[in-house]
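If you count by the working numbering, then the sequence shown holds residues 10 to 484, one letter each, in order.
Notes follow once the structure below has been shown.
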Amino acid sequence: MPIQFIDNSSIDKKKTRTLIRSHAAKGKNLGRTIDRPSRYPKKRQVATSVIANVEPPSNDEPEGYNNEGLGASLSIHRQLQEDLSTSLPFDVSWACRRLFHQFFTFVTVAPFPPELGKAVIPGKGPRPFLEYAFVDEAFFHCLVAMSVAASISPSVTRQETAEALRHLSRSLQLVNQRLAGDGDVALSDATLAVVIAMTQHERFLGYHNHALVHFEGLQKIIALRGGISTLVSACPVVAQKAIRADFDFALQLGSPTRFSTESVPGKATLDWLRQEYRAIQEDSSHTLPFTARINEDLRGVFEDVSILSWLVNDSAIHGLEVDHYDFHNLILLVGYRLLNARPLSTPIQATDHIELILHLGLAAMMAMFFLPLSLKTDIVLLKSCIVSAVTEQEYDDKDGRELLLWLLLIAKTSVFREADEDVWLIPKTLQTATQLGLSAWDHVSQTLQKFPWVRVFADDTAKALWDRITSFSRS
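Here's what the structure looks like:
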């Protein structure tokens, strides 16, 4: 019997094509079970884990916090970064496992962007915060929900969203049981970690008021533990996350920070960098006249942000290094000092115009350091303050116009990332540059170097905007 080939594309009826495929399947493979290897890569090549050292757990860990499983959790942590089939301590579907894997790898492998690699290095900090996911059930369930909330993928399905809600509900149930039980368990490090995770989960979804409710509960637990300074000594990694949440709320809502600047660690690192920076500046004649006009607190923050820029920009020259954990403390300390010098909710009319745009520019600079750690974050209040300062104030002197140009370009690289925001940004930047007599990027770049400016973050975006401005001016 001759072999006959059938062109399915010429057959219009779907049922007929189905019958043909069904008949063809009844050949020599009928009844056989064929095991084919998965097309999903068994191993993934990812960046080296930042886990270099793990602190031993404290002696007063609560029930539900598996001390004996901590060593095993490190192994699971490393395996999870390589293989999605790694066993997890609690049940989770394959779909949510994928999102959990992506979120976990993003947060643990790349806490800071690679551009900071020469100055900010992995170090021997405290036990990683996410290790609680492998030893505390409430934290694990909350982290799965966070993984879905933080996903920027449009492929997240209703089923995955529903499962995330089930995990969040289970986490809330466990935490409520813990808070209603024994005092040592209710005030434990693990309980604090879960409440912080719940706060971040709500922030990922944009529910800042709901997140604030969790944070206020967190404050009460910390107060019962003896305050934030006590927590910094007892459990520094959880304290750092609590301080970070406080800073995020102050930046987002314009409110003063709840914790004091004195309680934020990082002063030793900052003092060391100040000493190194000032030793170099002694040989430089570079000074900015306007700094004599601003208040002492803001002038100090201006120097600190300049030091952060110098640390990154000149890392190949000075060779100084700060590990991830200490660097996070460092930018938190500078951020606290900045917001305490002038909360963002301060009316712009109540501030000297030089201090106003300098403060907003420094806030945009700090946002640039924090945004890689924030996943989904849109600092609406800071954007609004910048727009008001730029459009409602007049800057007639050279210092004011140079500061304004710096503010516009640094804001573009950090908070004004959408193309539709260029509608007002381009003409305003062009107007300011024209008033300063700047017509080429080289001249603009020289002006920007007078102020804090992280080249690896900002140069490409600012140059791209300038190219669009040049095209705009010629049209």
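Glycine included, every Cβ here is placed at the ideal spot set by N, Cα and C.
Only a predicted model underlies this, so the values are computations on that prediction, with no experimental measurement involved.
Give the single residue among the options whose Cα lies nearest to the Cα of residue i.
| i | options | result |
| --- | --- | --- |
| L418 | M207, L390, V389, D468 | D468 |
| L177 | Q284, T166, A147, P137 | A147 |
| G235 | A248, H223, E330 | A248 |
| M375 | W462, V101, A128, G190 | W462 |
| G132 | W450, F336, K437, V222 | F336 |
| F378 | D257, F268, Q284 | D257 |
| F299 | W103, K459, A128, T479 | K459 |
| S269 | D476, A259, G190 | A259 |
| I303 | L365, H452, V424 | L365 |
| R253 | P274, S242, F143 | P274 |
| W319 | G192, F466, E430 | F466 |
| A325 | D100, V101, W103, V129 | V129 |
| P137 | K250, A420, T470, A171 | K250 |
| D193 | L279, L233, K421 | L233 |
| T355 | C394, V246, T208, L139 | C394 |
Tell me the rounded alpha-carbon separation between residue i and residue j.
| i | j | result |
| --- | --- | --- |
| A372 | A442 | 22 Å |
| H368 | L347 | 8 Å |
| K472 | C105 | 40 Å |
| D313 | G344 | 10 Å |
| K407 | L152 | 50 Å |
| L474 | F149 | 43 Å |
| K433 | G215 | Checking the sequence, you will find Trp at residue 433 rather than Lys. So the alpha carbons of these two residues sit roughly 26 Å apart. |
| R483 | R426 | 24 Å |
| H210 | S180 | 12 Å |
| L339 | L380 | 15 Å |
| S397 | T456 | 23 Å |
| L221 | S264 | 12 Å |
| A195 | Q182 | 13 Å |
| H217 | I289 | 43 Å |
| G9 | D191 | As displayed, the chain neither begins before 10 nor continues past 484, which places residue 9 out of reach and without an answer. |
| W415 | H110 | 39 Å |
| I205 | H452 | 46 Å |
| I357 | D145 | 46 Å |
| D476 | D431 | 12 Å |
| V424 | T114 | 25 Å |
| R187 | S102 | 26 Å |
| S315 | D323 | 12 Å |
| D332 | T278 | 10 Å |
| G370 | A420 | 7 Å |
| E486 | E291 | The chain is shown only over 10 to 484; residue 486 falls outside these bounds and no answer can be derived. |
| W281 | S242 | 21 Å |
| H219 | T400 | 33 Å |
| L445 | T422 | 21 Å |
To which residues of the same chain is residue i closer than 6 Å at the C-beta, ignoring the five residues directly before and after it?
| i | result |
| --- | --- |
| A350 | D306, L307, V310 |
| I231 | I237, L240 |
| V184 | A147, V203 |
| Q402 | H362 |
| H223 | V204, M207, T208 |
Residues bridged to residue i by DSSP?
| i | result |
| --- | --- |
| V331 | V129 |
Could you tell me whether any Cβ in chain C is nearer than 7 Å to the Cβ of residue i?
| i | result |
| --- | --- |
| M207 | Among the chains of the structure shown, chain C does not appear; only one protein chain is present. |
Where does the unbroken alpha helix (DSSP H) through residue i begin, and where does it stop?
| i | result |
| --- | --- |
| E401 | 389 to 401 |
| A428 | Counting along the chain, A428 falls outside any alpha helix (DSSP H), and DSSP gives it neither H nor E. |
| L457 | 450 to 457 |
| T479 | 464 to 483 |
| T170 | 167 to 188 |
| A232 | 217 to 233 |
| P245 | 245 to 262 |
| Q209 | 198 to 213 |
| F378 | 362 to 379 |
| Y286 | 276 to 290 |
| L413 | 407 to 423 |
| F485 | Given that the chain is displayed from residue 10 to residue 484, the structure contains no residue 485 and the question cannot be resolved. |
| G192 | 192 to 195 |
Leaving out the 5 sequence neighbours to the left and right, which residues in its chain are closer than 8 Å to residue i when beta-carbon positions are compared?
| i | result |
| --- | --- |
| E285 | H327, L329 |
| P436 | F481 |
| V165 | L108, V157 |
| S448 | A442 |
| T360 | R351, H368 |
Ordered along the chain, which non-local residues of its own chain (more than five positions away) have a Cβ less than 7 Å from that of residue i?
| i | result |
| --- | --- |
| T266 | D255, F256, A259, Y345, L348, N349 |
| L125 | V321 |
| L341 | I252, R253, F256, V273, G275 |
| A142 | F148, F149, L152 |
| C244 | D198 |
| Q261 | H217, I388, L390 |
| Y404 | H362, R410, L413 |
| L297 | K459 |
| W450 | K472, W475 |
Is residue i near the ligand FAD, judged by its Cβ being under 6 Å from some heavy atom?
| i | result |
| --- | --- |
| L262 | Although the ligand FAD was asked about, the structure shown includes no ligands whatsoever. |
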